[in-house]
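Quick note on full-length UniProt numbering: the sequence shown kicks off at 1 and runs consecutively.
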Amino acid sequence: YFQEMGKAECHFLNGTERVRFVERYLYNRQQYVHFDSDVGYYVADTPLGEPSARYWNSQTDLLEQKRAEVDTYCRHNYGVVTPFTVERR
Numbered sequence: 001y002f003q004e005m006g007k008a009e010c011h012f013l014n015g016t017e018r019v020r021f022v023e024r025y026l027y028n029r030q031q032y033v034h035f036d037s038d039v040g041y042y043v044a045d046t047p048l049g050e051p052s053a054r055y056w057n058s059q060t061d062l063l064e065q066k067r068a069e070v071d072t073y074c075r076h077n078y079g080v081v082t083p084f085t086v087e088r089r
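Structural data, given as structure tokens:
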């Protein structure tokens with residue numbers, strides 16, 4: 001058996017003033033490639049991730065979409081979730 005997993009994270013500092021989007025891909029619990037909005041492109045963490053990083057980094061439309069995730073995914077969801085989480089304190 002094997003396990004393939006993708007994981008997306010949003011990191012917030014001072015509300016939405018400073019936002020970072022990180023997307024990770026793991027194979028058998030080991031991260032092999034990731035995208036970090038602070039870097040702006042995919043980075044291979046192991047030799048297994050090199051072909052994926054090379055391919056995804058060659059797709060300019062994909063990179064533009066991933067760079068925009070800070071706003072379209074993170075800031076959007078912050079606005080949706082914040083009222084609910086603040087009320088529960």
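Backbone N, C-alpha and C fix where the C-beta goes; we use that ideal spot for every residue, glycine too.
Small disclaimer: the values here were computed from a predicted structure and weren't measured.
Proximal residues to Phe12 (C-beta, below 7 Å), its chain only, five neighbours per side dropped
The residue you call residue 12 lines up with position 12 of the sequence shown. Val19, Tyr78, listed in sequence order.
Phe84 in three-state terms, based on DSSP:
Here residue 84 corresponds to residue number 84 of the sequence shown, with the count starting at 1. Here Phe84 sits in helix by DSSP.
How would you write the range of the beta strand (DSSP E) that residue 90 sits in, first residue to last?
What is shown of the chain runs 1 to 89, which leaves residue 90 out entirely.
Tyr1 by DSSP, collapsed to three states: which one?
Taking the sequence shown and counting its residues from 1, the one referred to as residue 1 is at position 1. Coil at Tyr1, not helix or strand.
Decide if Val33 is buried, meaning its Cβ has at least 16 other Cβ atoms within 10 Å, or exposed.
Within the sequence shown, numbered from 1, the residue matching residue 33 stands at position 33. By the neighbour-count rule (16 or more Cβ atoms within 10 Å), Val33 is buried.
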